[in-house]
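Engineer: Numbering (the numbering used here), first residue to last: 2 to 448.
Glycine included, C-beta positions come from ideal geometry on N, C-alpha and C.
My questions all concern the structure below.
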């Protein structure tokens, strides 16, 4: 992504909220890939309601944060903000920048949203308890308040493959399991030793852990034994036979990493894939839009959830969706009712479907059984990765329930990087280091 501030002002019609025009709203987003989709929706909204919406995008994220903070000080906030879900929304709510949507998020509206993310944006009892720490970034939120409603959802552990590179080695379908995935990697690497590997932004230390090892371990062990990897019982933690098993599976990727993966950011790894410098990339559902921005035709991509081991406890593991971005109404908006109308309009199934096709992002709205027909094969394959029962679905939002207080995933990610791709430690050494790390957290927490 660009490293400097960029601004795209796309006004469907009319002025901003600051113009005093009661039929004009202003909205800001940090997602450049959402702008055209929001603009198209705004045109529909104006035809239906007579209310226009101006869309402005500020990128990258830190520039957006600075813009919002500055506007809050000068009183120049828009009516609606797109925010990172379950974090930034509460921070802005605690700061008085976003208002409490409260009862406006009625059953008709919330009922359109996928069940897994319906509580996104809500200050639950647990989130409120966590906010009471004076050092918490969302210190000051109100229990039961809702500072955003979900707009987009997604998950990590989505594998992208270059269809042409696969075709060159006789592969036309997504691998059915981990073993077939490794075989495909072996084939593309043999065909093109330089560009046939796997890219992932391992400079961000937690990506290998959270995007690959964790969903892989869940599939191999099942939920209970997966969670025990972070526990105090040495017969079941990372130093155990189970821990060594999943680390050995992860280590099987070592021959196939794109050269220099350990020094690539997430964007750089995705750009490398878009440029044909790797045959596979691991990312999230949100990666597809970025690939298109970098010149790759989505039709040239095969996307699928990280495959599970054929002999694992959960061979049909699903990847649980997370709320990624949400919408909030600013506390200074002079048109909060119209702002909420706009936000609710975006949740309508037909509107959300068109938003998905235009943005290449997955909406929080439940699209129904016919979604594959309207989304196309690449987007619908990512929706398919969500399929699973509560017992067979890896939920990336879980962790506080079984990890020690103070756990830092970057520390574990750094240990994993020494195993692969750096090849500085063995599986056994890595297992012991992860055991020691987790024990240090348990001890520090006094648990």
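Beta-carbon separation of residue 166 and residue 81 under 8 Å?
Structural biologist: Not a contact, by the Cβ cut-off of 8 Å.
Engineer: Taking 8 Å as the CB-CB limit, is residue 106 close to chain B?
Structural biologist: The structure shown has no chain B; it contains just one protein chain.
Engineer: Determine the DSSP secondary structure at residue 106, reduced to helix, strand or coil.
Structural biologist: Coil at residue 106, not helix or strand.
Engineer: Leaving out five residues on either side along the sequence, give the residues of the same chain with a beta carbon under 7 Å from the beta carbon of residue 181.
Structural biologist: Here the set comprises 308.
Engineer: Assuming residue 150 is part of the beta strand (DSSP E), what are its boundary residues?
Structural biologist: From DSSP, the beta strand (DSSP E) with residue 150 extends over 150-155.
Engineer: Can you tell me where the beta strand (DSSP E) holding residue 259 begins and where it ends?
Structural biologist: No beta strand (DSSP E) holds residue 259; DSSP gives it neither H nor E.
Engineer: Taking the CB atoms as reference points, tell me whether residue 392 and residue 224 lie closer together than 8 Å.
Structural biologist: Contact flag set, yes.
Engineer: Considering Cα atoms alone, identify which of 347, 334 and 350 is closest to residue 23.
Structural biologist: Closest option to residue 23, Cα to Cα, is 334.
Engineer: Please report the residue range of the beta strand (DSSP E) in which residue 56 lies.
Structural biologist: Note, residue 56: beta strand (DSSP E), 53-60.
Engineer: Using 8 Å as the threshold, is the C-beta distance between residue 213 and residue 189 below it?
Structural biologist: Contact flag unset, no.
Engineer: How big is the Cα-Cα spacing for residue 243 and residue 250?
Structural biologist: C-alpha separation (whole angstroms): 11 Å.
Engineer: If we require 4 or more residues per run, which alpha helix (DSSP H) segments fall completely within the region 158-203?
Structural biologist: Fully enclosed alpha helix (DSSP H) runs of 4 or longer: 164-168 and 179-192.
Engineer: Run through DSSP, which three-state label would residue 7 get?
Structural biologist: A caution first: residue 7 carries a pLDDT of 32, below 50, which makes its placement in the model too unreliable to give a value.
Engineer: Excluding sequence positions up to five away, which residues of its chain have a Cβ less than 6 Å from the Cβ of residue 84?
Structural biologist: 90, 149, 327 and 329, listed in sequence order.
Engineer: Given 8 Å as the limit, is there contact between the region 264-274 and the region 339-352, that is, 3 or more CB pairs closer than that?
Structural biologist: With a cut-off of 8 Å, the region 339-352 and the region 264-274 do not count as touching, because too few Cβ pairs lie within range.
Engineer: Applying the criterion that 16 or more other CB atoms from any shown protein chain within 10 Å of the CB defines a buried residue, is residue 364 buried or exposed?
Structural biologist: Buried.
Engineer: Output the boundary residues of the alpha helix (DSSP H) element that contains residue 356.
Structural biologist: Taken as a continuous stretch (DSSP letters only), the alpha helix (DSSP H) holding residue 356 covers 350-360.
Engineer: So residue 158 packs on residue 306, CB below 8 Å; how close in whole Å?
Structural biologist: Their Cβ separation, rounded to whole angstroms, is 6 Å, which keeps residue 158 and residue 306 in contact under 8 Å.
Engineer: State whether the region 59-79 contacts the region 91-99, with contact taken as three or more CB pairs (one from each stretch) at a distance under 8 Å.
Structural biologist: They touch, by the three-pair rule.
Engineer: How far does the alpha helix (DSSP H) with residue 340 in it extend, from its first residue to its last?
Structural biologist: Counting along the chain, the alpha helix (DSSP H) containing residue 340 begins and ends at 337-347.
Engineer: Give the DSSP-derived three-state secondary structure of residue 17 in the structure shown.
Structural biologist: Note that residue 17 scores 39 on pLDDT, short of 50, meaning its location in the model is unreliable; the coordinates nonetheless yield the value given after this. DSSP places residue 17 in coil when its eight states are reduced to three.
Engineer: Counting C-beta neighbours from all protein chains within 10 Å, is the total for residue 133 16 or more, i.e. buried, or is it exposed?
Structural biologist: Residue 133 comes out exposed.
Engineer: Helix, strand or coil, according to DSSP, for residue 35 in the structure here?
Structural biologist: Helix.
Engineer: How about residue 262 and residue 201: are their beta carbons less than 8 Å apart?
Structural biologist: Taking 8 Å as the Cβ cut-off, residue 262 and residue 201 qualify as a contacting pair.
Engineer: Check residue 364 in the structure and name its three-state DSSP category.
Structural biologist: If DSSP states are grouped into helix, strand and coil, residue 364 belongs with the strands.
Engineer: Using 10 angstroms around the beta-carbon of residue 122, count the other beta-carbons present and answer buried if the total reaches 16, otherwise exposed.
Structural biologist: Buried, because 16 or more other Cβ atoms sit within 10 Å of the Cβ of residue 122.
Engineer: Please name the residue, chosen from 59, 160 and 39, that lies closest to residue 302 on a Cα-to-Cα basis.
Structural biologist: Per the Cα distances, 160.
Engineer: Hey, residue 38 and residue 279 are a contact pair by Cβ (cut 8 Å); roughly how many whole angstroms apart?
Structural biologist: About 28 Å; that fails the 8 Å criterion.
Engineer: From residue 56 to residue 424, what does the alpha carbon distance come to, in whole angstroms?
Structural biologist: Roughly 48 Å separates the two Cα atoms.
Engineer: I'd like the list of long-range same chain contacts for residue 8, defined as Cβ closer than 8 Å, with 5 residues on each side in sequence excluded.
Structural biologist: Per-residue confidence for residue 8 stands at a pLDDT of 33, beneath the threshold of 50, marking its modelled position as unreliable; no derived number is given.
Engineer: Using the Cβ count rule (16 or more neighbours within 10 Å means buried), how would you classify residue 48?
Structural biologist: So residue 48 ends up on the exposed side.
Engineer: In this structure, how does DSSP classify residue 114 when only helix, strand and coil are distinguished?
Structural biologist: Residue state, collapsed to three classes: strand.
Engineer: Rounded to the nearest angstrom, what separates residue 414 and residue 53 at their Cα positions?
Structural biologist: Their Cα atoms are separated by approximately 46 Å.
Engineer: Since residue 30 is in the alpha helix (DSSP H), which residue starts that stretch and which ends it?
Structural biologist: Run containing residue 30: none in the alpha helix (DSSP H); it sits in the beta strand (DSSP E), 25-30.
Engineer: Measuring alpha carbon to alpha carbon, tell me which of 26, 207, 156 and 198 ends up nearest residue 409.
Structural biologist: Residue 409 has its Cα closest to that of 207, out of 26, 207, 156 and 198.
Engineer: Tell me whether the beta-carbon of residue 151 lies closer than 8 Å to the beta-carbon of residue 108.
Structural biologist: No, the pair does not count as a contact, with Cβ atoms beyond the cut-off.
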